[in-house]
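> Residue numbers (the working numbering): 286 to 559. C-beta: ideal position from N, C-alpha, C; glycine also. This structure is in structure tokens; I'll ask about it shortly.
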Ligand code: NDP
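Encoded structure:
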């Protein structure tokens, strides 16, 4: 029995145990994946207890992603660039850190037939999630990518870590908006949806036929979904990203890549709701 878990605070609401159980069932693997409530500053001690009980891998969510990276002895390029990890895998007596959020987003965009290559992409937000997705998004070679954020200094600092040859990467204050228009892909990555709100965005920033993606899902997706409806934009929630990043983590835990289509079908059928 493989002992896995997701650590976070709060974490009781997490869909990860259900998603990982579906992967395990589909592959006939014996996996015990649970939630562990762990406030910031307590990760080292809580992980110690988890290992003592036979834990061999875990996912990390808010507020533990940077703390987890600090406890790891090795990490992937994605985790290093993000300055955070969402996955820890036990290697001997040490932890290896990975960040599958960005690869998960890109995999979900692929599933939805949305290709950032050569496009003008607007990202809203500059928190931990954007730090995780920016590298893999830039690796898909958009022509231009602008990140807008309420705190302009924070977004200015963030993009300095993400140079990619041939990609025009810019930052701007959300209040000012981007200095060009015609964005073809809009990625909403603020946490405002959890307060029932949507950032103040101008539909004129977008090109005709543009598509939108919200990292949020469930109730937190509602406000942005309504804004997209009014703006005439097709939009998707981040539930697909959650499934795809989980599949990549599951592969790191088990060395087997699970098929994600059956889980997306369960979501579409309403059987896996946040
Ligand atoms: P952070 O707390 O690190 O960042 C929050 C972001 O929201 C910042 O850019 C912040 O701006 C912005 N923000 C918060 N309040 C306001 C406001 N009142 N007005 C304007 N901007 C605001 O969160 P994360 O980056 O970790 O997560 C962002 C969202 O993505 C969350 O809702 C999370 O649930 C979701 N997520 C989804 C995943 C998935 O798999 N689908 C994976 C990871 C995250 P500022 O910097 O100015 O404070």
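Just the C-alpha distance for residue 494 and residue 469, rounded to the nearest angstrom, thanks.
7 angstroms
> The beta strand (DSSP E) that contains residue 380, what's its start and end?
379 to 383
> Could you tell me whether any non-hydrogen atom of the ligand NDP is closer than 7 angstroms to the CB of residue 422?
no
> Taking C-alpha atoms, which residue in 416, 390, 413, 477 lies nearest to residue 512?
477
> Give the single residue among 432, 427, 449, 414 whose Cα lies nearest to the Cα of residue 345.
414
> So if DSSP puts residue 345 in a beta bridge, which residue, or which two residues, is it bridged to?
292
> Shortest alpha-carbon distance to residue 461 belongs to which of 433, 403, 343?
433
> Taking contact to mean 3 or more Cβ pairs, one atom from each stretch, closer than 8 angstroms, check whether the stretch 355 to 363 and the stretch 504 to 522 are in contact.
no
> Enumerate, from N- to C-terminal direction, the unbroken alpha helix (DSSP H) stretches of 4 or more residues contained entirely within the stretch 366 to 442.
386 to 396, 413 to 424
> On the CB-based measure, 16 or more other CB atoms within 10 Å of its CB, does residue 496 come out buried or exposed?
With 16 or more other Cβ atoms within 10 Å, it is buried.
> Going along the chain, which unbroken runs of the alpha helix (DSSP H) with 4 or more residues stay wholly within the stretch 310 to 346?
328 to 337
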